[in-house]
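To start, the structure itself, in structure tokens.
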Amino acid sequence: MSTDSMNPGGALSHQEQRNIAQRLILAMLASGTLILGLLWRALAPEQVAVADMLLGAASLMVGIPVLRHAVYSLRYPDLHGITDQLVALALLGAWATGDMLTAALLPLIMTVGHILEERSVIGSQEAIEALSKLTRSRARRVAADGKLHDVDNHDLVAGDIVEVRAGDRLPADGRVLEGQASLDTAPITGESVPLEVKPGMDVYGGAINLDGRLRIEVTRTGETSTLGRVIALMQSAEQASPPITRLLERHAARYLLLVLLIAASTWFLTQNNQAMLAVLVAACPCALVLSAPATSIAGLTVAARHGILIRGAAFLEELAELNAVIIDKTGTLTHGRLQLHELRPEAGESPEALAALAASLGTTSNHPVSCALVNIAPQGAWPALQNVHEYQGLGVSATTAAGEAWLGRYALLATQVADLPPEPLHDGPIVGLVLAGRFRGWILLADSLREEAHDAMAQLRDLGLHQQLLLTGDRLTVAQRIAKKVGINQVIAGALPADKLHQVKEQIDNGFRPMVVGDGINDSLAIKAGVVGVAIGAGGSDIAMASADIVLIGGDLRRLGTCVRLSRRCRRTLHINVMIGLGWTLVIVAAAAFGWLGASGAIIAAILHNMSTLLVLGNAGRLLRFEENM
Numbered sequence: 001m002s003t004d005s006m007n008p009g010g011a012l013s014h015q016e017q018r019n020i021a022q023r024l025i026l027a028m029l030a031s032g033t034l035i036l037g038l039l040w041r042a043l044a045p046e047q048v049a050v051a052d053m054l055l056g057a058a059s060l061m062v063g064i065p066v067l068r069h070a071v072y073s074l075r076y077p078d079l080h081g082i083t084d085q086l087v088a089l090a091l092l093g094a095w096a097t098g099d100m101l102t103a104a105l106l107p108l109i110m111t112v113g114h115i116l117e118e119r120s121v122i123g124s125q126e127a128i129e130a131l132s133k134l135t136r137s138r139a140r141r142v143a144a145d146g147k148l149h150d151v152d153n154h155d156l157v158a159g160d161i162v163e164v165r166a167g168d169r170l171p172a173d174g175r176v177l178e179g180q181a182s183l184d185t186a187p188i189t190g191e192s193v194p195l196e197v198k199p200g201m202d203v204y205g206g207a208i209n210l211d212g213r214l215r216i217e218v219t220r221t222g223e224t225s226t227l228g229r230v231i232a233l234m235q236s237a238e239q240a241s242p243p244i245t246r247l248l249e250r251h252a253a254r255y256l257l258l259v260l261l262i263a264a265s266t267w268f269l270t271q272n273n274q275a276m277l278a279v280l281v282a283a284c285p286c287a288l289v290l291s292a293p294a295t296s297i298a299g300l301t302v303a304a305r306h307g308i309l310i311r312g313a314a315f316l317e318e319l320a321e322l323n324a325v326i327i328d329k330t331g332t333l334t335h336g337r338l339q340l341h342e343l344r345p346e347a348g349e350s351p352e353a354l355a356a357l358a359a360s361l362g363t364t365s366n367h368p369v370s371c372a373l374v375n376i377a378p379q380g381a382w383p384a385l386q387n388v389h390e391y392q393g394l395g396v397s398a399t400t401a402a403g404e405a406w407l408g409r410y411a412l413l414a415t416q417v418a419d420l421p422p423e424p425l426h427d428g429p430i431v432g433l434v435l436a437g438r439f440r441g442w443i444l445l446a447d448s449l450r451e452e453a454h455d456a457m458a459q460l461r462d463l464g465l466h467q468q469l470l471l472t473g474d475r476l477t478v479a480q481r482i483a484k485k486v487g488i489n490q491v492i493a494g495a496l497p498a499d500k501l502h503q504v505k506e507q508i509d510n511g512f513r514p515m516v517v518g519d520g521i522n523d524s525l526a527i528k529a530g531v532v533g534v535a536i537g538a539g540g541s542d543i544a545m546a547s548a549d550i551v552l553i554g555g556d557l558r559r560l561g562t563c564v565r566l567s568r569r570c571r572r573t574l575h576i577n578v579m580i581g582l583g584w585t586l587v588i589v590a591a592a593a594f595g596w597l598g599a600s601g602a603i604i605a606a607i608l609h610n611m612s613t614l615l616v617l618g619n620a621g622r623l624l625r626f627e628e629n630m
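Per UniProt numbering, the sequence shown runs over residues 1 to 630.
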């Protein structure tokens with residue numbers, strides 16, 4: 001009668017959803033037949049046989065599916081199967097004693113209750129289905145001759161160029177080549193504020209172009225795209241069994257035996273058939289079984305809405321117990337790309353002219369420093385270059401209208417200027433500019449700190465994660481500067497992947513339960529070793545995301561605090577649900593065994609049983625209102 005009793009994998013197919021609709025129609029027909037039988041019994045009491053035939057027909061309509069599911073659960077045993085088996089036994093008992101009214105009402109009430117349960121599971125499947133629809137769209141692919149061809153986005157491959165107009169949905173992950181626009185990325189990252197994109201920025205398939213026209217180079221498609229990974233993670237997480245569910249499953253057979261002993265004892269002591277049937281129905285553990293998955297599904301759904309992908313309910317529970325955080329620097333606390341830190345022109349030199357010439361020279365090389373210089377001045381101000389020459393690892397030179405220009409490291413510039421001033425003190429890369437034989441100024445670059453990094457680490461400390469370690473392969477001076485800005489006191493720099501793994505294990509051996517946060521290939525071992533591993537999805541490596549238990553799609557570090565708060569809220573909700581499921585079941589079983597439910601004990605037990613199920617689902621549904629204005 002339950003979802004999982006029909007599908008060991010836990011996910012509802014379209015066929016199973018149709019089966020639920022068919023069972024609802026069958027339940028309505030059975031209800032009509034039951035009402036007709038009751039009316040016949042009331043209006044023509046002398047024709048009891050006819051009334052019993054109508055009640056028997058109603059019981060068969062809903063009873064045969066119950067028996068079929070019970071037999072299925074014997075082949076594929078699980079917790080939901082216990083409910084199927086107990087209801088089937090109660091139904092057979094009602095038939096054996098000739099109680100056609102109970103035989104009709106009992107499976108009817110239970111069927112309606114199970115349909116309500118399964119609708120909650122279908123809700124998660126419909127959310128996944130809605131996301132899947134975002135991966136199906138049309139694309140305008142730019143051909144070699146510049147013409148546009150309308151194609152299915154599944155036909156795109158990495159390297160294709162596509163045009164995305166205002167109102168279009170981005171057909172795949174890519175990098176902006178031309179144009180500027182505002183993108184609605186809420187379905188992927190959970191961010192309500194539109195993302196302003198320009199050439200060079202990475203974008204996600206499934207986002208909506210609100211304005212402007214973009215030319216995008218496709219980087220990932222299908223299952224390898226960000227949205228594809230979102231769907232895959234949600235599917236695996238939705239099907240995963242929480243630890244408490246696995247614990248209950250291990251004792252399922254013992255539970256069934258205990259219930260049968262209580263029911264048999266009740267009959268031998270009272271000779272009351274209704275009391276025996278009521279015990280079987282009251283002991284159905286639906287509310288207890290649903291307490292964990294209902295809470296987990298609600299929690300995972302809320303997390304996905306905030307751009308947080310959690311691989312399974314187990315990690316959602318682990319988050320509540322964390323007391324430490326180990327975090328990488330480059331690409332995690334920082335953006336992971338060089339940006340202009342400071343211009344230091346010589347006396348009398350124009351900062352704008354210095355930036356324009358450096359940006360123009362930067363376009364001639366693929367070196368990370370050169371790429372960072374491209375954006376420091378508008379393209380319209382760039383001087384024309386000729387006779388460009390690159391000196392590997394040192395810099396570039398070119399001829400301009402104002403003379404020979406040299407951009408690069410101190411060692412290169414010293415060959416052109418005899419009285420070159422010393423380099424300024426700076427933790428990041430430094431390049432200088434020489435024009436027409438005269439030194440013009442220094443350009444200081446640095447990896448910039450994420451705007452939200454300080455707030456994110458402060459939030460984690462407020463949540464009890466006071467043990468914070470910055471673990472990076474970068475230089476100690478750079479790491480200490482970043483750590484000071486975000487409030488981290490413990491720093492380990494110059495760490496190789498094996499060193500990072502060792503540090504994580506050492507923290508665990510010292511009694512800490514760390515969250516390990518990173519984005520690069522060199523972080524993957526440490527991420528895997530942490531109690532909970534978190535990968536930064538925006539710009540993070542595939543290996544890091546594959547190793548992580550949680551992926552922050554938008555890369556907003558404040559979502560780390562969201563993870564912990566949501567986890568602790570889910571834990572409280574789960575405890576309440578378990579108390580409802582276990583406590584309510586024990587009370588109903590006791591009342592049924594002592595005959596306190598009256599002459600229609602089995603029917604009353606079924607109604608009370610479904611009330612507890614609805615209470616559990618309603619309490620779990622409160623999680624869906626979990627909101628944070630971040």
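Note that CB positions come from ideal geometry on N, CA and C, so glycine has one too.
DSSP three-state label for residue i, please.
i, result
"Phe512", "coil"
"Ser225", "coil"
"residue 647", "The structure shown has nothing for residue 647, since the chain only spans 1 to 630."
"Gln271", "coil"
"Arg565", "helix"
"Ile576", "helix"
"Val551", "strand"
"His149", "strand"
"Ser397", "strand"
"Glu346", "coil"
"Ala139", "strand"
"Val48", "helix"
"Ile488", "coil"
"Ser365", "coil"
"Leu183", "strand"
"Gly581", "helix"
"Ala535", "strand"
"Tyr204", "coil"
Within 8 Å of any Cβ in chain C, is that where the Cβ of residue i sits?
i, result
"Ser182", "As a matter of chain content, chain C is missing from the structure shown, which is built from one protein chain."
Are the beta-carbon atoms belonging to residue i and residue j less than 8 Å from one another?
i, j, result
"Val176", "Leu322", "no"
"Arg344", "Leu444", "yes"
"Met515", "Gly530", "yes"
"residue 664", "Leu210", "Past the boundaries of the shown model lies residue 664; the chain is included only from 1 to 630, so the question cannot be answered."
"Gln468", "Ile488", "yes"
"Ala51", "Gly37", "yes"
"Ala599", "Ile588", "no"
"Leu463", "Asp328", "no"
"Leu26", "Ala104", "no"
"residue 631", "Met28", "Because the chain is modelled from 1 through 630, residue 631 falls outside the range shown and cannot be assessed."
"Val431", "Leu407", "yes"
To the nearest whole angstrom, what separates the beta carbons of residue i and residue j, a pair I think is in contact under 8 Å?
i, j, result
"Ala282", "Ala592", "5 Å"
"Thr332", "Gly518", "6 Å"
"residue 632", "Val203", "With the chain running from 1 to 630 in the structure shown, residue 632 is simply not present."
"Gln416", "Thr399", "Contact flag wrong, Cβ pair sits at about 14 Å."
Can you find the residues in the same chain that come closer than 7 Å, C-beta to C-beta, to residue i, ignoring five residues on each side of it along the sequence?
i, result
"Pro421", "Phe439"
"Ala90", "Leu106, Leu277, Leu280, Val281, Ala602"
"Gly222", "His154, Gly228"
Ordered along the chain, which non-local residues of its own chain (more than five positions away) have a Cβ less than 6 Å from that of residue i?
i, result
"Val578", "Ser291"
"Ile208", "Arg169, Asp184"
"Glu390", "Ser365, Val396"
"Val478", "Asp427"
"Gly362", "Ser370, Leu373, Val374"
"Arg220", "Asp173"
"Ala356", "Ala377, Ala381, Trp382"
Report yes if the C-beta of residue i is less than 7 Å from at least one heavy atom of the ligand MN; otherwise report no.
i, result
"Val197", "The ligand content of the structure shown is nil, which means the ligand MN is not present either."
What does a CB cutoff of less than 8 Å around residue i pick up in its chain, not counting 5 residues either side in sequence?
i, result
"Leu615", "Ala287, Ile580, Trp584"
"Leu476", "Val491, Ala493, Gly494"
"Gly212", "Ala166, Gly179, Gln180, Ala181, Ser182"
Does the segment 145-152 come close enough to the segment 48-64 to have 3 or more Cβ pairs within less than 8 Å? no
With three or more C-beta pairs closer than 8 Å as the rule, is the segment 492-499 touching the segment 345-354? no
Segment contact flag, the segment 549-559 with the segment 429-445, C-beta cutoff 8 Å, min 3 pairs: no
Is there contact here, the segment 331-344 with the segment 365-376, by at least three beta-carbon pairs under 8 Å? yes
Three-pair Cβ contact test at 8 Å for the segment 448-465 versus the segment 294-312: no
Do three or more CB pairs link the segment 616-627 to the segment 293-303 at distances below 8 Å? Enough Cβ pairs lie closer than 8 Å, so yes.
Inter-stretch contact (C-beta, 8 Å, three-pair minimum) for the segment 565-578 and the segment 315-334: yes
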